[in-house]
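This note's numbering applies: residue 4 is where the sequence shown begins, and numbers increase by one. Heads up: the structure comes next, in structure tokens.
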Amino acid sequence: MTVTLDGCRQTHAAGSRLRLAPGESICLTPGIYHSFWGEEGFGDVLVGEVSTVNDDDNDNRFLTPLSRFGQITEDQPPQWLLCNEYSRFID
């Protein structure tokens, strides 16, 4: 599988683990199953995923089915809506 690590293309075996150094980023092509986390014992990290605009209800696929968003007890009105929430607030 080919990935782009800070602008440089690299090929890795499917299922392999990649460890990024501080400040590095990786770009995956759409449709690649992946997971990511901060590795224990390496201090505080900021881990996140950036995606193109998509339909959260129909464009995301998970190897093990799960709920897209966890249950939240709403005790404040929303400041910003997620794309899948518009229909609840717009007539």
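Here a beta-carbon is modelled for each residue, glycine too, at the ideal position from N, C-alpha and C.
Would you tell me roughly how many angstroms separate the C-alpha atoms of residue i and residue j, rounded to the nearest one?
i          : j          : result
residue 41 : residue 22 : 10 angstroms
residue 12 : residue 38 : 19 angstroms
residue 78 : residue 53 : 28 angstroms
residue 45 : residue 88 : 37 angstroms
residue 25 : residue 17 : 23 angstroms
residue 68 : residue 51 : 21 angstroms
residue 70 : residue 33 : 20 angstroms
residue 4  : residue 93 : 43 angstroms
residue 66 : residue 19 : 16 angstroms
residue 64 : residue 29 : 20 angstroms
According to DSSP, is residue i helix, strand or coil?
i          : result
residue 12 : strand
Assuming residue i contacts residue j (C-beta within less than 8 angstroms), just tell me the rounded distance between them.
i          : j          : result
residue 31 : residue 6  : 6 angstroms
residue 8  : residue 27 : 6 angstroms
residue 86 : residue 59 : 6 angstroms
So if DSSP puts residue i in a beta bridge, which residue, or which two residues, is it bridged to?
i          : result
residue 53 : Answer is none; residue 53 lacks a bridge partner.
residue 6  : 13
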